[in-house]
Structure formats: C-alpha cells, structure tokens
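To start, the structure under review is shown below, and the notes come after it.
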Amino acid sequence: MNRRDFLSLVGVGCIATSLPVAIAACSPDNKSSTTNASNASGDWQKVGSVADLDSKGQLLAKNSPIGPVLVVGKSQDSNLTAVNPKCTHAGCTVEWESDSKKFLCPCHGSEFGIDGKVTKGPASKPMPSYLVKVEGDAVLVKEG
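Position 57 of the sequence shown, counting from 1, maps to 57 under the working numbering, and the rest follow consecutively.
The structure is reproduced here in structure tokens:
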C-alpha cells in the first residue's frame, strides 16, 4: 500500500466515524430540544408584570415562549383573559376595546368576544385562549 492510498483510507475512516455524531447533533429529534419545547408549552410562562397590566388594563407579549399573548383585565380581577392576539382570518394583531369588551381586527373588521370566539366575520375560527394567573408581581400564562 502506498502513502496516498493509506491517507485516503484514514480520511474516509475519520469522516465515517464522525458522521453519526454530526447527524445526531442536527436532528430535530434531539432529546434536549424536545424537552425544552415541551416545557415551554406545558409550564406557566411569565409574559409581563402586574404594574404593566394594571397601568393599561392589558398586556401584550409578542414574543413569549408560547407565542404572542394578549392579557386583558386588572391584576385584582378574578377573571383575567389571555388570548393569542392574531386574527384567525389574516393574522393581523387584534386590539382590545375595553368599553365594548371585545377584540377588534384593524385589517378586515373581524370581532371576537372576551372568550376569543368570533362575533363578526370574516374570521370563522376563534382565537386560541390561555390560562392566566398572577403570582407576586408577575403575570403568567399557560396553554390549557
């Protein structure tokens, strides 16, 4: 065996032995990323402070661990509401109208009740809602 053949075999061997490690590291089924994803969707997540919620009567967290969340109400209320504020018609961010107690879409006029259900189209699906609670000075939400 000459030197060139030997070096070729060593190079191929190195690539072959490191290939499974590279594939495992890039795989979406990696256990650590799966665990983090399930924790983010199953646990209570902080979306803001009580001070922010109480000052405006609403709290918009565009980049929370479970996605965009709009919480409406006051921290001392027992019936806080939390929804995904994306209109189910075209994805625009809805606005909370506290006087009329409804969410309005500024893009096409859809309206949603405080429970996220459609009260006026063109949207036909309700907005996803979340469980919400106050702990200390934090506002927390959870899929539920």
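Using N, Cα and C, we set each Cβ at its ideal position, and we do this for glycine too.
C-alpha distance - residue i paired with residue j, whole-angstrom precision
{"i": "ASP99", "j": "VAL132", "result": "21 angstroms"}
{"i": "LYS74", "j": "THR88", "result": "26 angstroms"}
{"i": "GLU135", "j": "PRO106", "result": "32 angstroms"}
{"i": "LEU59", "j": "VAL12", "result": "57 angstroms"}
{"i": "TRP145", "j": "THR17", "result": "Since the first residue shown for the chain is 1 and the last is 144, residue 145 is missing from the structure and cannot be characterised."}
{"i": "ARG3", "j": "ILE15", "result": "19 angstroms"}
{"i": "SER55", "j": "ALA90", "result": "30 angstroms"}
{"i": "SER78", "j": "ILE66", "result": "22 angstroms"}
{"i": "LEU104", "j": "LYS120", "result": "9 angstroms"}
{"i": "ASP108", "j": "VAL72", "result": "Per the sequence presented here, residue 108 reads as His, with Asp not at that position. For HIS108 and VAL72, the distance between alpha carbons rounds to 22 angstroms."}
{"i": "LYS86", "j": "PRO68", "result": "8 angstroms"}
{"i": "LYS142", "j": "LEU80", "result": "13 angstroms"}
{"i": "GLN76", "j": "SER49", "result": "13 angstroms"}
For residue i, the residue or residues it bridges with in DSSP
{"i": "THR88", "result": "Looking at the DSSP assignment, THR88 forms no beta bridge with any residue, so it has no partner."}
{"i": "PHE112", "result": "PHE103, VAL118"}
{"i": "GLY48", "result": "VAL139"}
{"i": "THR93", "result": "LYS86"}
{"i": "VAL72", "result": "GLN58, THR81"}
Any non-hydrogen atom of the ligand ADP within 7 angstroms of residue i CB
{"i": "VAL118", "result": "For the structure depicted, the ligand ADP is absent and the ligand set is empty, with no information on it obtainable."}
Boundaries of the beta strand (DSSP E) in which residue i is found, first to last residue
{"i": "PHE83", "result": "Checking the sequence, you will find Val at residue 83 rather than Phe. Note, VAL83: beta strand (DSSP E), 81 to 83."}
{"i": "SER64", "result": "58 to 64"}
Residue burial classification, residue i (beta-carbon count within 10 angstroms, cutoff 16)
{"i": "ASN84", "result": "buried"}
{"i": "GLY116", "result": "buried"}
{"i": "VAL94", "result": "buried"}
{"i": "LEU9", "result": "exposed"}
{"i": "PHE6", "result": "exposed"}
{"i": "MET1", "result": "exposed"}
Test item: CB-CB of residue i and residue j under 8 angstroms
{"i": "LYS62", "j": "LEU140", "result": "no"}
{"i": "SER110", "j": "VAL118", "result": "yes"}
{"i": "LYS125", "j": "ILE114", "result": "no"}
{"i": "LEU70", "j": "ALA51", "result": "no"}
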